[in-house]
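Undergrad: So the number in the working numbering is just where the residue sits in the sequence shown, counting from 1, plus 103.
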Amino acid sequence: MQIFGVDIGGSGIKGAPVDLDKGDLAQERCKVLTPHPATPESVADGVKQVVDHFGWTGPVGLTFPGVVTGGATVRTAANVDKSWIDTDARALFSDRLGGLPVTVVNDADAAGVAEMQFGAGQGRKGTVILLTFGTGIGSAVFMDGTLVPNTELGHLELNGHDAETRASSKAKEDGELSWERWARRVQKYLAHVEMLFSPELFILGGGVSRKADRFLHFIDGVQAEIVPAQLQNNAGIVGAAMRAAHDHAG
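(1) Are three or more beta carbon pairs between the region 329–346 and the region 204–219 nearer than 8 Å?
(2) In terms of residue numbering, what span does the alpha helix (DSSP H) encompassing ALA180 cover?
(3) What distance in whole Å lies between the Cβ atoms of SER301 and THR230, which are believed to be in contact at a cut-off of 8 Å?
(4) Who does ILE188 pair with in a DSSP beta bridge?
(5) Do THR137 and GLY161 have their beta-carbon atoms positioned less than 8 Å apart in this structure?
(6) For the beta strand (DSSP E) that PRO331 lies in, which residues bound it at each end?
(7) For the beta strand (DSSP E) holding LEU234, just list the boundary residues, first then last.
(8) Buried or exposed for ALA194, please, with buried defined as at least 16 other CB atoms from any protein chain shown within 10 angstroms of its CB.
(9) For GLY201, tell me which candidate among VAL154, ASP277, LEU334 has the shortest Cα-Cα distance.
(10) Whole angstroms are fine: how far does the CA of GLN333 sit from the CA of GLU218?
(11) In chain order, what residues of the same chain lie with their CB nearer than 6 Å to the CB of PRO140, ignoring the 5 residues before and after it?
(12) Output yes or no for whether 8 Å exceeds the beta carbon distance between VAL150 and ILE116.
(13) Are the beta-carbon atoms of LEU234 and LEU280 separated by less than 8 Å?
(14) Tell me the DSSP secondary structure of PRO120 in three-state form.
(15) Given a cut-off of 8 Å on the beta-carbon distance, is the pair PHE236 and SER197 in contact?
(16) Here's the rule I'm using: 16 or more other beta-carbon atoms within 10 Å means buried, otherwise exposed. How should VAL190 be labelled?
(17) Between the region 246–261 and the region 310–325, do three or more beta carbon pairs fall short of 8 Å?
(18) Starting from the N-terminal side, write out each stretch of the alpha helix (DSSP H) that is 4 residues or longer and does not extend beyond the region 111–162.
(19) Can you give the Cα-Cα distance for SER145 and GLN152, rounded to whole angstroms?
(20) Could you pull out every residue in the same chain whose Cβ sits closer than 8 Å to the Cβ of ALA274, ignoring the five residues on either side in sequence?
(21) Identify the continuous beta strand (DSSP E) that holds THR206 and give its terminal residues.
(22) How about LEU256 and SER242: are their beta carbons less than 8 Å apart?
(23) Runs of 3 residues minimum, wholly inside the region 245–269: which ones carry the beta strand (DSSP E) assignment?
(24) Using the Cα positions of ILE240 and ALA119, report the straight-line distance between them to the nearest angstrom.
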């Protein structure tokens, strides 16, 4: 079975049909740059461009980099235009896609669902926390495989700062930090999250998961197991498609 997934990020909008039996992309993904300012209308245009690239006509799952309630309404917009707040994203995207059935979910929650089903979280019980490092830091918290949605742990205060402004991959790039120096910031952040939640496992996702060998060995002093996301930067696309399949089954 194939369902289309789209991952909307602060820097790019990427999507592809997903093979839900394998938990992997069925075709090479299409990516366009996230417009700036990332307003609802301009982002919807980017999503349409990605979906139209494949001539897709079925259900579409979309991630959004913020809190999404009821599978539709955007409540926060840290890394996109503030005009997203209180937008009915499901109605907006469905209208722009010619009435296709649409599901909208928080981006890190989507990545987490995919990793728990097909990746590094398979079969893991207890508390598992996936953290995506990109333009910001997204989070997905699971208890015995069940998602606690919209946790937004990237906005925890760390040393007087919003954590994602110090430890996201964007912070690494903007500050021209070495992998070791950045890893020390990530370590402090993980230790703070561990103090609050005591997870058995941290899964580190986002684009940096492809380069885990560059920084994971610098992180110590954290008791939880730390592993890179196996689906890497495709996890959001896969998770979005999984949620759409659940919502529009049959």
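For glycine and all other residues, C-beta sits at the position ideal for the given N, C-alpha and C. Owing to the predicted nature of the structure, the values given are computational and were not obtained by experimental measurement.
TA: Taking the geometry as given:
(1) yes
(2) Translated into positions along the sequence shown, residue 180 becomes position 77. Looking at the DSSP string, ALA180 is not in any alpha helix (DSSP H), and its letter there is neither H nor E.
(3) Counting from one through the sequence shown, the residue named residue 230 turns up at place 127. Counting from one through the sequence shown, the residue named residue 301 turns up at place 198. Indeed they touch by this definition, with Cβ atoms about 7 Å apart.
(4) Against the sequence shown, residue 188 aligns to sequence position 85. ILE188 is not bridged to any residue.
(5) Position 58 of the sequence shown, counted from the start, is the residue given in the question as residue 161. Position 34 of the sequence shown, counted from the start, is the residue given in the question as residue 137. No. Outside cutoff.
(6) For the purposes of this step, residue 331 is identified with residue 228 of the sequence shown, where counting begins at 1. Looking at the DSSP string, the run of the beta strand (DSSP E) that includes PRO331 is 328–331.
(7) Counted from its first residue, the sequence shown places residue 234 at position 131. Where LEU234 is concerned, the enclosing beta strand (DSSP E) stretches over 230–236.
(8) The sequence position of residue 194 within the sequence shown is 91, counting from 1. With fewer than 16 other Cβ atoms within 10 Å, it is exposed.
(9) Taking the sequence shown and counting its residues from 1, one reaches residue 201 at position 98. Looking at the Cα atoms, VAL154 is the closest of the given residues.
(10) For the purposes of this step, residue 218 is taken as residue 115 along the sequence shown, with counting starting at 1. For the purposes of this step, residue 333 is taken as residue 230 along the sequence shown, with counting starting at 1. Cα-Cα distance, rounded: 7 Å.
(11) Translated into positions along the sequence shown, residue 140 becomes position 37. Here the set comprises ASP184.
(12) Working through the sequence shown from its first residue, we reach residue 150 at position 47. Working through the sequence shown from its first residue, we reach residue 116 at position 13. In this structure, ILE116 lies closer than 8 Å to VAL150 by Cβ.
(13) Within the sequence shown, numbered from 1, the residue matching residue 234 stands at position 131. Within the sequence shown, numbered from 1, the residue matching residue 280 stands at position 177. Cβ distance not < 8 Å, so LEU234 and LEU280 don't count as in contact.
(14) Reading the sequence shown from its first residue, position 17 is the one you call residue 120. The answer is strand: DSSP assigns PRO120 an E or B state.
(15) Against the sequence shown, residue 236 aligns to sequence position 133. Against the sequence shown, residue 197 aligns to sequence position 94. Not a contact, by the Cβ cut-off of 8 Å.
(16) Here residue 190 refers to the residue found at position 87 of the sequence shown. Note that residue 190 is Thr in the sequence shown here, rather than Val. THR190 comes out buried.
(17) Short answer: they don't touch.
(18) 143–156
(19) Here residue 145 refers to the residue found at position 42 of the sequence shown. Here residue 152 refers to the residue found at position 49 of the sequence shown. So the two alpha carbons sit approximately 11 Å from each other.
(20) Residue 274 sits at position 171 when you count from the first residue of the sequence shown. Within the same chain, ALA274 has close Cβ partners GLU267, THR268, LEU280, TRP285, ARG288.
(21) Taking the first residue of the sequence shown as 1, we reach residue 206 at position 103. Segment 205–209, the beta strand (DSSP E) holding THR206.
(22) For the purposes of this step, residue 256 is identified with residue 153 of the sequence shown, where counting begins at 1. For the purposes of this step, residue 242 is identified with residue 139 of the sequence shown, where counting begins at 1. Their beta carbons are under 8 Å apart, which means LEU256 touches SER242 by this criterion.
(23) 249–251
(24) Here the question's residue 240 lines up with position 137 in the sequence shown. Here the question's residue 119 lines up with position 16 in the sequence shown. ILE240 and ALA119: Cα-Cα distance of roughly 23 Å.
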